[in-house]
Amino acid sequence: MIAILSFAFILLFAIYSEACIPAVGYTIKQFLFITLPSLLPFYVISNILIKSGFAEKMGKKFNFLMKPVFGVSGNGIFAVIIGMISGYPGGAKVIADMYEEDKISLHDAQVLSSYTNNTGPLFMIGVVGAGLLKNVKYGIFLFLVHIISSLIIGMIIGNIKRKDLACGIIGFKSNVPPKISRTQFFRILSESITNATYTMLPIAGTIIFFSSIIAVFNSTGIFPFIVSLGKPFSLHEHLKGLVPGFFEITTGINVMSLSNVQLNTKLTLISLMTGFAGISVHTQVIGILSKAKISCRLYLTGKVLQSLLAAILTFILLQFITF
């Protein structure tokens, strides 16, 4: 089946190359000027902080919060913070790095993966709010709902899974990090840059691949056909953004922002899409986690739950908030 689908896509890419080329060109431009500058520095700095022992020192100060509230060790706070500010798939990258450096247990890594992979403020406030929706306030609101819903999911899953292990702190060594000499620092810096660069390559490939998929599905009429199924229920405008957003959220949000859907509904659906993240992001995250031999089951469970919770919270809050 996989072989048949692969050959089918090769034929489709060849037949609809005229549609793929501009889509890929636009995606490469977006990657080089938005994704790469926003993610690469975070990956380098976070890796330096992990290898230098800063993340572990920070974790000791947050044991009082992380253990009882989220059911993981204090070291998990570093992944939570980076996951909030770096954007997809920053949380997964930090979790994988910390697990491979023995800073967190496998239990911690799996639980943290369920809620620390989030869209960043740069994307939500800058790209979505100011850029696509033409109102920074919308971006701030959506970002806050996004983070709050992720933390709620983290508390729920963390406290359910704490029964499997005693607070998730078994299975890793918590040594006192040694002082880093100048020579060691530059070695760590070089390793972190190399590590971050290698991580960015599959992210770029995944984004480009899914931009081609969306272009092909639009050209073949697959997406228009799915959207047309919503016409009898007056949902075709909603599906115009949701269908491509299922695969890649930036495309979905862009289409949704231009739709004729009522504003509150539009914000609710954008919240749903950002919570789910899209198949493109899932591919990136699963690639990072599986390479570190971390199960992705809780990650996928968390994203589905977060998308639903974020949409519900957005809908409820918009009944009381006016912009």
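Heads up, the sequence shown is in the numbering used here, so the first residue is 25 and it goes up one at a time. We put the beta carbon where it would ideally sit given N, CA and C, even for glycine.
In whole angstroms, what separates the C-alpha of Leu213 from that of Pro61?
Roughly 17 Å between the two C-alpha positions.
Where does Asp126 sit, in a helix, a strand or coil, going by DSSP?
Of the three classes helix, strand and coil, the one that applies to Asp126 here is coil, per DSSP.
Got a sec? Which residues, its chain only, sit under 8 Å from Val169 by beta carbon, not counting five neighbours each side?
Correct list, in chain order: Ser295, Ala334, Leu337, Thr338 and Leu341.
Locate the alpha helix (DSSP H) running through Phe371, then write down its first and last residues.
Because the chain here runs from 25 to 347, residue 371 falls outside it and cannot be looked at.
Count the C-beta pairs between the region 121-133 and the region 157-164 that are closer than 8 Å, then say yes if the count reaches three, no if not.
Short answer: they don't touch.
Suppose the cutoff is 8 Å on Cβ atoms and the five residues either side in sequence are ignored; what does the same chain contact list for Ile318 look like?
Ile119, Ala120, Tyr123, Leu130, Ala133, Gln134 and Ser137, listed in sequence order.
Please state whether the Cβ-Cβ distance between Gly302 and Phe271 is less than 9 Å.
Taking 9 Å as the Cβ cut-off, Gly302 and Phe271 qualify as a contacting pair.
Provide the residue span of the alpha helix (DSSP H) that contains Met280, from first to last.
Element bounds for Met280: Ile273 to Ser281.
Take Ser283 as the anchor and find which of Leu156, Ser174, Gly83 and Pro113 has the nearest alpha-carbon.
That would be Leu156, whose Cα lies nearest to the Cα of Ser283.
Using DSSP with H/G/I as helix, E/B as strand and the rest coil, what is Thr113?
Residue 113 is actually Pro in this sequence, not Thr. Coil at Pro113, not helix or strand.
If I'm right that Lys117 touches Thr275 with Cβ under 8 Å, what's the distance once you round it to whole angstroms?
The Cβ separation is near 23 Å, so there is no contact.
Taking buried to mean at least 16 other C-beta atoms within 10 Å of its own C-beta, is Gln286 buried or exposed?
Gln286 comes out exposed.
How should Lys315 be labelled, buried or exposed, when 16 other C-beta atoms within 10 angstroms of its C-beta is the threshold for buried?
Exposed is the call here.
When burial is assigned at 16 or more other CB atoms within 10 Å of the CB, is Val328 buried or exposed?
Flag for Val328 reads exposed.
Candidates Ile227, Ala239, Gly269 and Thr221: which alpha carbon is nearest Ile45's?
Comparing Cα-Cα distances from Ile45 to each of Ile227, Ala239, Gly269 and Thr221, the minimum goes to Ala239.
Can Phe57 and Ile106 be called in contact, C-beta distance under 9 Å?
Going by C-beta atoms, Phe57 is not nearer than 9 Å to Ile106.
Would you kindly check if the distance between the Cβ of Val305 and the Cβ of Asn141 is under 9 Å?
Yes, Cβ-Cβ distance for Asn141 and Val305 is below 9 Å.
According to DSSP, is Tyr162 helix, strand or coil?
If DSSP states are grouped into helix, strand and coil, Tyr162 belongs with the helices.
Mind reading off the beta-carbon distance from His262 to Gly254? Whole number of angstroms is fine, and I expect it under 8 Å.
Sure, about 7 Å apart at Cβ, within 8 Å.
Between Ala32 and Ser243, is the Cβ-Cβ spacing less than 9 Å?
Going by C-beta atoms, Ala32 is not nearer than 9 Å to Ser243.
When the distance is taken between beta carbons, is Asn183 closer than 9 Å to Gly95?
Cβ atoms of Gly95 and Asn183: closer than 9 Å.
Go to Tyr67, then tell me how far its alpha helix (DSSP H) extends in each direction, as first and last residue.
Its alpha helix (DSSP H) spans residues Leu60 to Lys75.
Just verifying my parser: in three-state terms, what is the DSSP assignment at Ser243?
Three-state result, Ser243: helix.
Tell me which residue opens and which closes the alpha helix (DSSP H) that Ile52 is part of.
Here the alpha helix (DSSP H) through Ile52 covers Ser41 to Gln54.
Any idea if Met108 is buried or exposed, counting beta-carbon neighbours within 10 angstroms, 16 or more meaning buried?
Under this definition Met108 is a buried residue.
Where does Tyr139 land, buried or exposed, given buried means 16+ other C-beta within 10 angstroms?
So Tyr139 counts as buried.
Whose C-beta lies closer than 8 Å to the C-beta of Gly150 among residues of the same chain, with five residues either side of it excluded?
Once the five neighbours on either side are set aside, the close Cβ partners of Gly150 are Gly163.
Here's the rule I'm using: 16 or more other beta-carbon atoms within 10 Å means buried, otherwise exposed. How should Ile193 be labelled?
With a pLDDT of 45 at Ile193, under the threshold of 50, the modelled position of this residue cannot be trusted; read the value that follows with caution. Buried: at least 16 other Cβ atoms inside 10 Å.
Taking the alpha-carbon positions, what's the Leu73 to Ser97 distance?
Whole-angstrom Cα-Cα distance: 17 Å.
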